[in-house]
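Numbering (our numbering), first residue to last: 177 to 620.
Note that the Cβ used here is the ideal one computed from N, Cα and C, for glycine as well.
A quick note: this is a predicted structure, and the numbers were derived from the prediction, not measured.
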Ligand code: GDP
């Protein structure tokens, strides 16, 4: 995930303040020097860094921190607030036209992830708004781009308007819009051509498309892996096209993340979405506050909860609640729960969203192995139906049988049964309205 380096450095810097009863002005200055280096190293734009440091330093030298009993927390709070601010404070949602269709023009350099992001956006709109989008394939210079869009269209069941590679993109867009009007599509997503770098010919073509399409949104797709260049690209496109927002892609990769922190300040335009993977569901609305929390290792409970809600099967949830109330939670439910967790995504990504876990040194070298969950399931599958419903039956000889059936060490079987019993106890407490059980789970 992005920001690992920055996150680590910032937290190391702040940890020096921890435990200090009093913080002096000299401490703050020293710390801000380190924060400055950390930001520059993460590829944050120079001017953005400078302004940020100045603001935080001024606030941190004020009485808010120096007189506080918990200076370290106060400093982190200020850094968090200011990070959030430079990223734009609030999430900015997609604009919608007063009458259909809402026209969205996707622009960006080649390889930034334009076509993929157009697909992700269509999927998002279908899911969130039950929208009926139409793609227009206006990248006529790269035949593969049209094929790629058609493949995505097929996957999502979204129609693609194209005229191959022999026609003028401006005409194609015109005809595509007519098609959308005929078919009453509520969104039109125009996939435009990219180049390896910004050039006049490309900008002229995009300007012409803009002039006839009157898009409600011009979304610039930029690759966060390109570091400082991402910010320059954003400036260039914004000057020529007056973009309405940015989709920042490849934040799942090993990017230092500077673009996320610079683009808003430099262009004045919001990052609306971030891309976090190659698959079509890897698009998230960009929430500056949540991102600041992630950077500071405070986790991202909101995204985690939303993920859980989205992937959670309502019926199963109701069933589970009933079982908890009736005190009937058994190993079959346990396996269902494991399945739900697996659906949410790779375990190590999920863990990082839990506050305190992101940069928890104890977890640094722990690689969550998807196999672990499979092993737990294998143990349950080795149980008889009676054993699944009643773990008390599991005496030592039965446990040995499970271990050999699942091909796992006996210690693992014992540990799992113990955890299961703890979980059962916790659920009983929670179903009686005693949520202290949660603390026990979090604390281990
Ligand atoms: P375009 O030339 O701008 O249309 O770029 P494409 O949509 O063809 O994407 C270029 C490459 O980047 C493809 O291999 C995509 O799978 C990949 N890609 C796009 N978005 C993301 C993302 O958010 N994360 C990752 N890891 N890869 C992405």
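Check                                                                                                                                                                         : Outcome
Check whether the region 212–227 and the region 452–468 touch, using three or more Cβ-Cβ pairs below 8 Å as the test.                                                         : no
Measuring only the C-alpha atoms, how far is residue 421 from residue 229?                                                                                                    : 26 Å
Cβ of residue 415 versus every heavy atom of ligand 1: is any distance shorter than 7 Å?                                                                                      : no
One question on the structure: do residue 371 and residue 403 come within less than 8 Å of each other, judged by their Cβ atoms?                                              : no
Assign residue 221 to one of two classes, buried (16 or more other C-beta atoms within 10 Å of its C-beta) or exposed (fewer than that).                                      : buried
Would the C-beta of residue 291 count as close to ligand 1, meaning under 7 Å from any of its heavy atoms?                                                                    : yes
In this structure, does DSSP put residue 297 in helix, strand or coil?                                                                                                        : helix
Can you tell which of 389, 276, 292 and 407 has its C-alpha closest to the C-alpha of residue 322?                                                                            : 292
Entirely within the region 411–473 and at least 3 residues each: give me those beta strand (DSSP E) ranges in chain order.                                                    : 421–425, 447–451 and 459–461
For the region 298–342, list the beta strand (DSSP E) runs that are entirely contained and at least 3 residues long, ordered along the chain.                                 : 309–314
What do you get for residue 167, buried or exposed, if any count of 16 or more other CB atoms within 10 angstroms of its CB means buried?                                     : Residue 167 falls outside the range modelled here, since the chain spans only 177 to 620, and no answer is possible.
Given 8 Å as the limit, is there contact between the region 348–365 and the region 307–327, that is, 3 or more CB pairs closer than that?                                     : yes
Can you find a heavy atom of ligand 1 that lies under 7 Å from the Cβ of residue 405?                                                                                         : no
Tell me whether residue 368 sits in a helix, a strand or coil according to DSSP, three-state version.                                                                         : strand
In this structure, does DSSP put residue 506 in helix, strand or coil?                                                                                                        : coil
Going by beta carbon distance, what residues of the same chain come within less than 6 Å of residue 325, once the five residues before and after it are set aside?            : 291, 311, 313, 336 and 367
Counting only the same chain and skipping the five closest in sequence on each side, list residues whose C-beta sits under 8 Å from that of residue 507.                      : 556, 559, 563, 564, 565, 567 and 596
Look at the alpha carbon of residue 577 and the alpha carbon of residue 584, and state the distance between them as a whole number of angstroms.                              : 10 Å
Enumerate in chain order the residues of its own chain whose CB-to-CB distance from residue 620 is below 7 Å, with the five nearest sequence positions on each side excluded. : Summary for residue 620: the model assigns pLDDT 32, below 50, so the residue's position carries little reliability; its value from the coordinates is reported in the next sentence. There are no such residues.
Are there 16 or more other CB atoms within 10 angstroms of the CB of residue 443, so buried, or fewer, so exposed?                                                            : buried
Give the secondary structure of residue 276 by DSSP, where H, G and I count as helix, E and B as strand, and everything else as coil.                                         : coil
Should residue 357 go down as buried or exposed, given a rule of 16 or more other Cβ atoms within 10 Å for buried?                                                            : exposed
Using DSSP's beta-bridge definition, name the partner residues of residue 281.                                                                                                : 366 and 394
Here's the rule: buried if 16 or more other CB atoms are within 10 angstroms of the residue's CB, otherwise exposed. What is residue 330?                                     : exposed
Identify whether residue 399 lies in helix, strand or coil by the three-state DSSP scheme.                                                                                    : strand
Tell me the DSSP secondary structure of residue 379 in three-state form.                                                                                                      : helix
Of the residues 456, 572 and 193, which one's Cα is nearest the Cα of residue 299?                                                                                            : 456
Does the beta-carbon of residue 341, which I'm using as the reference point, lie nearer than 7 Å to any heavy atom of ligand 2?                                               : As far as ligands go, the structure on display features ligand 1 and does not contain ligand 2.
Go through its chain and collect everything with a Cβ distance to residue 610's Cβ below 7 Å, but skip five positions before and after it.                                    : Confidence at residue 610 is low in this model, with a pLDDT of 47, below 50, so the placement of that residue should be treated as unreliable; the coordinate-derived value is given next. Correct list: empty, nothing qualifies.
Are there 16 or more other CB atoms within 10 angstroms of the CB of residue 247, so buried, or fewer, so exposed?                                                            : buried
Should residue 452 be counted as a contact of ligand 1 given a C-beta to heavy atom distance under 7 Å?                                                                       : yes
Which residue from 579, 410 and 392 puts its Cα closest to that of residue 278?                                                                                               : 392
Among 571, 472 and 512, whose alpha-carbon lies nearest the alpha-carbon of residue 553?                                                                                      : 512
With DSSP as the reference, label residue 373 as helix, strand or coil.                                                                                                       : coil
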